[in-house]
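S.K.:
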Amino acid sequence: MPALTPVRGGELSAEAYLKRLHDDFWFFVNEVWKDRQRDSVAPLGDVDKDVCEWFAYGPKTRGVLAWRQFGKTSMCTVVYTMWRLYRDPSTQILIVSKTGPFTKLIVHAIREWLEAVWFTNHLAPPKGSGLRDREEHFDVVGCDPTKDPSVVGKGVDGQITGTRCHVMIVDDAEDDKNTMTLASRET
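With the working numbering as the guide, the letters of the sequence shown map in order to residues 2 to 188.
1. Pick from VAL171, GLN93 and ASP36: whose alpha carbon is nearest that of GLU116?
2. Nearest-angstrom Cα distance between GLY156 and VAL97?
3. For the beta strand (DSSP E) that LYS155 lies in, which residues bound it at each end?
4. With 16 other CB atoms within 10 Å as the buried threshold, where does HIS167 fall?
5. Go through its chain and collect everything with a Cβ distance to TYR87's Cβ below 6 angstroms, but skip five positions before and after it.
6. Going by other Cβ atoms of all chains shown within 10 Å of its Cβ, with 16 needed for buried, is SER91 buried or exposed?
7. Can you round the beta-carbon distance between THR82 and ILE94 to whole angstroms, since I take them to be within the 8 angstroms contact cut?
8. Hey, could you find the ends of the beta strand (DSSP E) ASP149 is sitting in?
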């Protein structure tokens, strides 16, 4: 468990605060937003709440379509991944995107925010711990030892076959080439 800092506003006990982080994705998003000081740059509103709740609690297979710069990657990929790992460090998450380099940026953002946010930094792999910690994948503290890392990113045309995961998040994987025909979209 993370070292506790004073609970914002004093309205929740430390135990209730941590439980709410665990149980309520929207609360988790808001607290990450405040911690990363994003609330002054990109304040969250009702549409963001609807999207987050759909993404976290919707049907098993779901998608989010929104305009550019909405924050789909930040909220629905980075923070959702953090939340899933916070809830269960043994969760394995595969991030798939259009290209390997873009996926590395997403994995880097997840790793960076996981380490920076006070209530998730206990999950970040410490140097010299023996946990995997590379730019395209990493393990979190408390994960089960398996062949696959806690978080891995792959390009849509990369070697996805054989990667085991509990959650797959596809983020900006479509382009003109792979969505031109029905067959290419299915592939």
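A virtual CB, placed ideally from N, CA and C, is assigned to each residue, including glycine.
No experiment lies behind these values; they were computed from the predicted model shown.
M.R.: Quick look at the numbers:
1. For the purposes of this step, residue 116 is identified with residue 115 of the sequence shown, where counting begins at 1. That would be ASP36, whose Cα lies nearest to the Cα of GLU116.
2. In the sequence shown, the residue the question calls residue 156 occupies position 155. In the sequence shown, the residue the question calls residue 97 occupies position 96. Roughly 6 angstroms between the two C-alpha positions.
3. In the sequence shown, residue 155 corresponds to position 154, counting from 1. From DSSP, the beta strand (DSSP E) with LYS155 extends over 152–156.
4. As a first step, residue 167 is located in the sequence shown; it is residue number 166 there, counting from the start. HIS167 comes out exposed.
5. Position 86 of the sequence shown, counted from the first residue, corresponds to residue 87. Closer than 6 angstroms at Cβ, skipping near neighbours: THR121.
6. Numbered from 1 along the sequence shown, position 90 holds the residue referred to as residue 91. The residue is exposed, with fewer than 16 neighbouring Cβ atoms inside 10 Å.
7. As a first step, residue 82 is located in the sequence shown; it is residue number 81 there, counting from the start. As a first step, residue 94 is located in the sequence shown; it is residue number 93 there, counting from the start. About 5 angstroms; that satisfies the 8 angstroms criterion.
8. Here the question's residue 149 lines up with position 148 in the sequence shown. Here ASP149 belongs to no beta strand (DSSP E), and DSSP marks it neither H nor E.
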